[in-house]
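Residues are numbered in the numbering used here as their position in the sequence shown, beginning at 1, plus a constant of 167. Working notes for the structure below.
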Amino acid sequence: MYKRNRIAAGFRGQRRKNRSTQRLVYQRLHDHETSPGLRNLDATGEVDNDGVDIAWFEVGNPNADVTVVFIHGYCLSSEAWCDQVEHLRPRSDVRSLLVDVRGHGLSSRVSARSCTLDGAADDVLAVILERLPKDGGRIVVVGHSLGGMIALNLIRRAPEDIFERISGALLISTSMRRFSDKGVTRILQSKLAKSLYSAIDRVPDKFNRIRFAAAQVIAPTIAALVAGFPQMERLQFHAAMLLDTPLASFVGYFDDLTEHEEFAAQDRLQKIRGQAVIGSMDIVTPISQSELISEKWGNGDLKVIEGSGHMVILEEPGQISQALDEVLAEVSPRLP
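So, in structure tokens, the structure goes:
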């Protein structure tokens, strides 16, 4: 019944009136004025990471003792963290630094074969090196879904001087082992998906021309499947980010999402504090994935948000902000 209700919500999102609204939400994405979305940014820019332009966004005191580095999920962008950024905005002791990893948001479009976890983690590291010099204070890494695996990859591979500054982590709806073979990721492993991957490699321009027309129908249904019961506004916001993602990026992370593991991050992860957060109704990364992270982490608490799906950051933003506050309280007591 739960899945059927979500599918029905997706089909409601396809009705002509809602499709018109969906296009408007899509057109306003990244304008940095419309809510939901990032607004009132204090600084923006790009970092060249080996020929790939990586977009970054900042909000908050540039001299804050702690910087929260937000890493978005699969087929999303930094826009997805808008609620958490607004939550932190009043704090003088914390600033927010957000990164659009390659092939997402306002960063460079790249080939499917360039969409890797290592490459995405290098993107985040390049921004940290550019925006957070050695005297730039402590770092808390926050990642959702694919972004959680990128965060683990960053923690594992960061240079020692950067790792020593990472004081905490918040890993949301993610995994150390290969993503579940159920639900959405089963589609990613299908013969159809592999055929699509090969086709995009051969004729990427043709596929990107038809992307919006097809995705405008499909995206709301996918958004409903991986989410719980978001308001239509949130459903359309999520769908807009799906629509904004080039097809090459959509398929380019297949191999890492379905095969990549980050157990090797365990040793370094145990040296920092944090939380693993999961929605109780997540069909993409089931609770068992976060339970395993918590077990391997040792210093990381497990928080289950009842009734929420994979897009918990949009479904229950208040609870995610509370979890972030708890992590920050462990690494940096609030200034008076």
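Backbone N, C-alpha and C fix where the C-beta goes; we use that ideal spot for every residue, glycine too. Computed from a predicted structure; not experimentally measured.
Within the continuous beta strand (DSSP E) that includes residue i, where are the two ends?
i, result
"residue 311", "305-311"
"residue 225", "219-227"
"residue 276", "Premise fails: residue 276 is in no beta strand (DSSP E) and is neither H nor E."
"residue 407", "From DSSP, residue 407 is part of no beta strand (DSSP E) but of the alpha helix (DSSP H) over 399-411."
Assuming residue i and residue j form a contact by the criterion Cβ under 8 Å, report the distance between their Cβ atoms to the nearest whole angstrom.
i, j, result
"residue 429", "residue 316", "6 Å"
"residue 477", "residue 450", "7 Å"
"residue 334", "residue 309", "Incorrect: roughly 12 Å between the Cβ atoms, too far for contact."
"residue 497", "residue 440", "5 Å"
"residue 203", "residue 404", "5 Å"
"residue 499", "residue 332", "About 12 Å; that fails the 8 Å criterion."
"residue 235", "residue 339", "Between residue 339 and residue 235 the Cβ distance is about 13 Å, and since that is not below 8 Å, they are no contact."
How is residue i classed by DSSP in three states: helix, strand or coil?
i, result
"residue 320", "helix"
"residue 240", "coil"
"residue 476", "coil"
"residue 234", "strand"
"residue 314", "helix"
"residue 429", "coil"
"residue 336", "strand"
"residue 212", "strand"
Once the 5 residues before and after residue i are set aside, which same chain residues still bring their CB inside 6 Å of it?
i, result
"residue 313", "240 and 241"
"residue 370", "With a pLDDT of only 48 at residue 370, under 50, the local geometry of the prediction cannot be trusted, and the value read off the model is given with reservation. Nothing meets the Cβ criterion."
"residue 350", "Residue confidence is low: residue 350 scores 49 on pLDDT, short of 50, so the model does not pin down where it sits. Its coordinate-derived value is still stated next. For residue 350, where only same-chain residues beyond five positions count, the Cβ hits under 6 Å are 450 and 451."
"residue 419", "279 and 282"
"residue 193", "407 and 410"
"residue 507", "Limits of the chain in this structure are 168 at one end and 503 at the other, which puts residue 507 out of reach."
Can you name, in chain order, every residue of its own chain whose Cβ lies under 7 Å from the Cβ of residue i, other than the five neighbours on each side?
i, result
"residue 417", "242"
"residue 297", "214"
"residue 437", "464, 465 and 466"
"residue 216", "289, 290 and 293"
"residue 245", "205, 224, 237, 239, 265, 266, 267 and 272"
"residue 323", "429, 431, 432 and 435"
"residue 254", "488"
"residue 442", "337, 467, 468, 470, 490, 493 and 494"
Give the range of the alpha helix (DSSP H) segment to which residue i is assigned.
i, result
"residue 298", "284-298"
"residue 346", "That residue, residue 346, is in no alpha helix (DSSP H); it is neither H nor E in DSSP."
"residue 425", "421-426"
"residue 458", "454-464"
Between which residues of its own chain and residue i is the CB-CB distance below 8 Å, once the five residues before and five after are set aside?
i, result
"residue 328", "301"
"residue 276", "270, 413, 415 and 416"
"residue 320", "284, 285, 287, 288, 429 and 432"
- Inspect the CB distances between the segment 252-270 and the segment 429-445 and report whether three or more fall short of 8 Å. no
- Query: Does the segment 451-469 come within contact of the segment 225-238, defined as at least 3 CB pairs closer than 8 Å?
  - Reply: Taking 8 Å as the limit for Cβ pairs, the verdict is that the segment 225-238 does not touch the segment 451-469.
- Task: Would you be able to state if there are at least three C-beta pairs under 8 Å between the segment 467-478 and the segment 443-450?
- Result: yes
- Message: Between the segment 210-224 and the segment 274-294, can you find at least three pairs of beta-carbon atoms closer than 8 Å?
- Response: yes
- Query: Is there contact between the segment 406-413 and the segment 268-287, where contact requires at least three CB pairs shorter than 8 Å?
  - Reply: Yes, the segment 406-413 touches the segment 268-287.
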